[in-house]
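Residue numbers (the working numbering): 94 to 533.
Below is the structure:
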């Protein structure tokens, strides 16, 4: 009997005992390809010696120093490194322990900045339906995953939601991708006007939607129009790149491919590659200067903010990505993964869409390709696909509620950046077998 409260009580989990490269091994010796990076975390795979050596070196010097007393070389060096490779205008970083914490920090910083700018009436937050921004109360409140919000809704702050970019289901037959993006941008502006432009604090969006929709990128021009609308109304743009950022889509930051920079950006997962829990809130120079010239302190902190071991691990991860030219591999192998998924599932009777960018790809499962009708959610098809994939030594990230929070299934893939074509072939082959077996 276990004394651990697992994610699902009563489920018999395999015991992971070792990781090496793209594989995890359980206590029976079974090997699994980590084709989802856990949850898009393990960008360098497992057991990378150079990261472990950097962590050991840090432990030999200092294991912990509270940031109310000290700064540390690891903390300063990581902040410098992120600033040197940031989108234009992002100059400073506040460190946390994960993605939900980064989003909480973004909300609080946006509010504090509004108050310090003499705009205390700005309080409304707008995000998108079918989004996921984390599991803490603030992150749940702005998120659009209905199933995660349902039981806690009486405790959540009021927020507002507009349509996601979900081209597969929502773009009209007579609409170009650009026209579709413009329609969504106009919906955002209409919501801002409805709430009163001077009352809106921020618009929050995943640059490429991850867990809830399954690697759905924006249509061309959408984020440029969003940036223009936010600037017009003095609304802060917060991008959530917790899952899609730090190289996952082929550029270090996913917003680089959109030609914009946010005011605030949440990162995590691939920042530290799973070697230590770490996340961060990156901010523009204007945001930083507002607080620096005002109160002089961000009214927010955590005990493990800027943990030296986490910072040393993350810095090593980022240096290895550059040293080994892994973003080029993400682009090349990401394109190969997309092609192989199209070959295997492009005409599959129960796969309606293959989408994604770089090493961030997804397939949407449907009961009917013509009508795009999803399977009955009672079948819990996404859970069956995960079970069948694990049986075949494959870790992928299926999710339900894709279409509207209740119906629809998809499978998300986020392989390590070190993956080669042989690994990609095995991922696609095993996934195909798992999907076919689950549907029956």
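For every residue, glycine included, the Cβ atom is placed at its ideal position computed from N, Cα and C.
request  = Could you check if residue 469 is buried or exposed, using at least 16 other CB atoms within 10 Å of its CB as the buried criterion?
outcome  = Working through the chain shown from its first residue, we reach residue 469 at position 376. Residue 469 should be labelled exposed.
Beta carbon of residue 359 nearer than 8 Å to that of residue 345 = Taking the first residue of the chain shown as position 1, residue 359 is located at position 266. Taking the first residue of the chain shown as position 1, residue 345 is located at position 252. No, Cβ-Cβ distance for residue 359 and residue 345 is not below 8 Å.
ask   = In terms of residues, what are the limits of the alpha helix (DSSP H) holding residue 71?
value = The requested residue 71 is not part of the displayed model; the chain covers only 94 to 533.
message = On the criterion of 16 or more Cβ atoms from any shown chain inside 10 Å, does residue 305 qualify as buried, or is it exposed?
response = Position 212 of the chain shown holds residue 305. Residue environment for residue 305: buried (at least 16 other C-beta atoms within 10 angstroms of its C-beta).
ask   = CB residue 419 to CB residue 170, shorter than 8 Å?
value = Counting from 1 along the chain shown, the entry for residue 419 is found at position 326. Counting from 1 along the chain shown, the entry for residue 170 is found at position 77. Not in contact: residue 419 and residue 170 (Cβ atoms no closer than 8 Å).
request  = Label residue 213 either buried or exposed according to how many other C-beta atoms from any shown protein chain fall within 10 Å of its C-beta, with 16 as the threshold for buried.
outcome  = Here residue 213 corresponds to residue number 120 of the chain shown, with the count starting at 1. A residue is called buried when at least 16 other Cβ atoms come within 10 angstroms of its Cβ; residue 213 does not meet this threshold and is exposed.
ask   = If we call anything under 8 Å between Cβ atoms a contact, is residue 448 one with residue 328?
value = Sequence index remark: in the chain shown, residue 448 carries index 355 (1-based). Sequence index remark: in the chain shown, residue 328 carries index 235 (1-based). Note that the C-beta distance between residue 448 and residue 328 is not below 8 Å.
ask   = What is the residue span of the beta strand (DSSP E) that residue 446 lies within?
value = For the purposes of this step, residue 446 is taken as the residue at position 353 of the chain shown. Here the beta strand (DSSP E) through residue 446 covers 444 to 450.
ask   = Which same chain residues, not among the five before or five after residue 140, have their C-beta less than 8 Å away from its C-beta?
value = For the purposes of this step, residue 140 is taken as residue 47 along the chain shown, with counting starting at 1. Closer than 8 Å at the Cβ level, and outside the excluded window around residue 140, lie 111, 112, 113 and 114.
key: Whole-angstrom distance between residue 451 and residue 337, CA atom to CA atom   = Residue mapping note: residue 337 aligns to position 244 of the chain shown, counting from 1. Residue mapping note: residue 451 aligns to position 358 of the chain shown, counting from 1. Each residue's Cα considered, the two are about 10 Å apart.
message = Using 8 Å as the threshold, is the C-beta distance between residue 335 and residue 192 below it?
response = Taking the chain shown and counting its residues from 1, one reaches residue 335 at position 242. Taking the chain shown and counting its residues from 1, one reaches residue 192 at position 99. With respect to residue 192, residue 335 sits close: the two C-beta atoms are nearer than 8 Å.
key: Segments assigned beta strand (DSSP E), at least 3 residues, entirely inside the stretch 101 to 141   = List check, beta strand (DSSP E) in window: 109 to 113, 116 to 119 and 124 to 127.
request  = Could you check what DSSP says for residue 221 in three-state terms: helix, strand or coil?
outcome  = As a first step, residue 221 is located in the chain shown; it is residue number 128 there, counting from the start. Three-state DSSP puts residue 221 in a strand.
key: Distance CB(residue 133)-CB(residue 453) smaller than 8 Å   = On the chain shown, position 40 is the one that residue 133 refers to. On the chain shown, position 360 is the one that residue 453 refers to. Taking a C-beta distance under 8 Å as the contact criterion, residue 133 and residue 453 qualify as a contact pair.
request  = Could you tell me whether the Cβ atoms of residue 264 and residue 257 are closer together than 8 Å?
outcome  = The residue given as residue 264 occupies position 171 in the chain shown. The residue given as residue 257 occupies position 164 in the chain shown. Using a Cβ distance threshold of 8 Å, residue 264 and residue 257 do not count as a contacting pair.
ask   = In chain order, what residues of the same chain have a beta carbon less than 7 Å from the beta carbon of residue 158, not counting five sequence neighbours either side?
value = In the chain shown, counting from the first residue as 1, residue 158 sits at position 65. If you ignore the 5 residues before and after residue 158, its C-beta comes within less than 7 Å of the C-beta of 165 and 401, all in its own chain and listed in chain order.
query = Just curious, the beta strand (DSSP E) that residue 360 is in, first and last residue?
reply = Numbered from 1 along the chain shown, position 267 holds the residue referred to as residue 360. That run of the beta strand (DSSP E) goes 357 to 360.
key: Buried or exposed (CB count within 10 angstroms, at least 16 for buried), residue 392   = Position 299 of the chain shown, counting from 1, holds the residue named residue 392. That one is exposed.
At least 3 beta-carbon pairs within less than 8 Å: the stretch 277 to 292 vs the stretch 313 to 325 = Under the 8 Å Cβ criterion, the stretch 277 to 292 counts as touching the stretch 313 to 325, having at least three qualifying pairs.
message = So, under 8 Å CB-CB, residue 197 and residue 372 are touching, yes? Tell me the CB distance rounded to an integer number of Å.
response = Here residue 197 is taken as the residue at index 104 of the chain shown, counted from 1. Here residue 372 is taken as the residue at index 279 of the chain shown, counted from 1. 10 Å between Cβ atoms; not a contact.
Straight-line gap, residue 533 to residue 421 (C-alpha atoms, nearest Å) = Numbered from its first residue, the chain shown carries residue 533 at position 440. Numbered from its first residue, the chain shown carries residue 421 at position 328. Straight-line Cα distance between these residues: approximately 38 Å.
key: Alpha carbon of residue 444 to alpha carbon of residue 462, nearest angstrom   = Position 351 of the chain shown, counting from 1, holds the residue named residue 444. Position 369 of the chain shown, counting from 1, holds the residue named residue 462. Separation of residue 444 and residue 462 (C-alpha to C-alpha, rounded to the nearest whole angstrom) is 7 Å.
query = Fully enclosed by the stretch 280 to 348, which alpha helix (DSSP H) runs are 4 residues long or longer?
reply = Whole alpha helix (DSSP H) segments, 4+ residues: 315 to 326.
task = Grab me the residues of residue 282's own chain with a C-beta within less than 7 Å of its C-beta, minus the 5 sequence neighbours each way, in chain order.
result = As a position in the chain shown, residue 282 is number 189, starting the count at 1. Short of 7 Å from the beta carbon of residue 282, and not among the five residues preceding or following it, lie these beta carbons of its own chain, in chain order: 322.
task = Look up residue 377 in the DSSP assignment and give the residues it is bridged to.
result = Along the chain shown, one-based indexing puts residue 377 at 284. Beta-bridge annotation (DSSP): residue 377 is paired with 183.
ask   = Around the C-beta of residue 127, are 16 or more other C-beta atoms found within 10 angstroms, so that it is buried, or is it exposed?
value = Mapped onto the chain shown, residue 127 falls at position 34. By the Cβ-count criterion, residue 127 is buried, with 16 or more other Cβ atoms from all chains shown falling within 10 Å of its own Cβ.
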